[in-house]
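Single-structure report; data block below.
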Amino acid sequence: MRTFALLFASLFLGGCAAIAPLASEVETPTAVFTSSPTVSTSTTSTGLGATVALLQQAQAADPERYQFALEQGAQISPTADGRSFYLLWLPQGSDPSNLPPILVTLHGHSSWAFDEFFLWQSYAAERGYGILALQWWFGGGEETGDYYLPQEMYPLLENILRENRVRPRTVLLHGFSRGSANTYGLTALDRTSGNNFFLLTIANAGGAAPDFPINQSIERGEFGPQPFAGTHWIMVCGMNDPNPERDGCPAMRRTRDWVTQYGGVVEMLIEDPNGDHGAFHRNPANIRSALDVFAQLLGQ
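Just so we're aligned: 91 in numbering that gives the first Met the number 0 is position 92 of the sequence shown, and the numbers increase by one with no gaps anywhere.
Below, the structure written as structure tokens:
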């Protein structure tokens with residue numbers, strides 16, 4: 000059976016000349032995957048065609064960040080359901096049989112996986128961590144159905160992590176803004192699945208919305224009485240966030256208490272006194288403080 004990478008490359012070569020550099024990356028793969036994911040029976044060429052269109056849209060939105068990912072050697076692959084794509088990058092010299100810790104990151108609303116990869120890459124390289132950036136918005140609209148739900152995302156992430164033999168409790172899950180709002184459900188799913196991939200979750204400028212269905216499921220006890228038991232968290236906010244009750248410090252303080260109520264350990268609440276919605280990545284000290292916590296947890 001043809002691998003995702005080869006099928007993706009054939010689509011590019013068959014009529015997507017605007018993104019030909021990706022085809023050359025796939026035709027000469029580096030040792031990023033320990034084993035290439037195979038095309039599932041539910042993945043069709045039509046679905047992959049939609050994924051290519053989504054990737055073209057991402058490239059057009061910010062050609063420089065797209066090119067940056069290619070230059071850094073990120074491998075771009077379609078998701079197993081054929082609806083989207085993800086970036087996987089590992090530091091040079093990584094051992095495919097013993098992967099380094101991985102940073103899984105979710106972009107904010109109406110954004111792109113290339114944005115989070117660009118913002119994280121230098122810090123991940125400094126620490127020797129890999130990056131998995133999922134494109135979880137489908138490129139149009141702001142309704143719930145225009146994004147993956149946590150219940151849809153988690154199996155995709157699980158598949159990627161398993162295919163690449165990522166070890167439990169070596170993953171940092173990060174979400175920004177709307178991505179942050181989905182980290183609570185994803186972390187609960189990871190714990191109740193027994194996979195325990197996520198060692199630390201960074202909820203960056205996006206609180207736990209009480210009307211979000213998976214959060215309501217958590218509150219009803221559908222994930223057990225303590226779904227966040229054994230989880231570690233960092234909450235991030237800017238004091239000048241334009242939506243303080245949703246994304247700013249009032250929201251993140253409230254979310255800290257909510258996560259703690261269900262068994263989570265909040266290692267740090269970063270309240271940037273000069274920051275706005277993007278305070279975390281705009282202040283390198285915030286990023287390094289968070290990665291220091293991750294390193295400490297890895298060493299325990």
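We put the CB at the ideal spot given by N, CA and C, even for glycine.
- Listed as beta-bridge partners of Cys248 by DSSP are no residues whatsoever.
- Exposure of Ser121 is indicated by the presence of fewer than 16 other C-beta atoms within 10 angstroms of its C-beta.
- Comparing alpha carbon positions, the residue from Tyr146, Thr50, Thr169 closest to Thr78 is Thr50.
- Taking the C-beta atoms as reference points, Gly206 is found nearer than 7 Å to Ala250.
- Gln215 and Ile269 have their C-alpha atoms spaced approximately 26 Å apart.
- Using a Cβ-Cβ distance cut-off of 8 Å, the segment 146-154 and the segment 168-188 are in contact, since at least three pairs of beta carbons, one from each stretch, lie closer than that value.
- In this structure, Asp240 and Ala204 form a Cβ contact; the two beta carbons are roughly 6 Å apart against a cut-off of 8 Å.
- One alpha carbon belongs to Phe84, the other to His108, and they sit about 16 Å apart.
- The residue among Pro224, Leu53, Gly127 with its C-alpha nearest the C-alpha of Asp94 is Gly127.
- With respect to the 7 Å criterion, Leu86 and Ala60 are not classified as neighbours on the basis of their beta carbons.
- Only residues of its own chain outside the window of five on either side were considered, and among them Tyr122, Arg126 have a CB closer than 7 Å to the CB of Leu290, listed in chain order.
- In the DSSP assignment, Ala202 forms a beta bridge with Gly174, Met234.
- When only Cα atoms are considered, Asn158 and Cys248 end up about 34 Å apart.
- Per DSSP, reduced to three states, the secondary structure at Thr169 is coil, with no helix or strand assignment.
- Note that the segment 164-172 does not touch the segment 133-144; fewer than 3 beta-carbon pairs, one per stretch, sit closer than 8 Å.
- Straight-line spacing of the CA atoms in Leu69 and Ile101 works out to 19 Å.
- With distances taken between CA atoms, Ser176 lies nearest to His280 out of His280, Ile217, Trp88.
- Residue pairing by DSSP places Ala59 opposite no residue, since no beta bridge is assigned to it.
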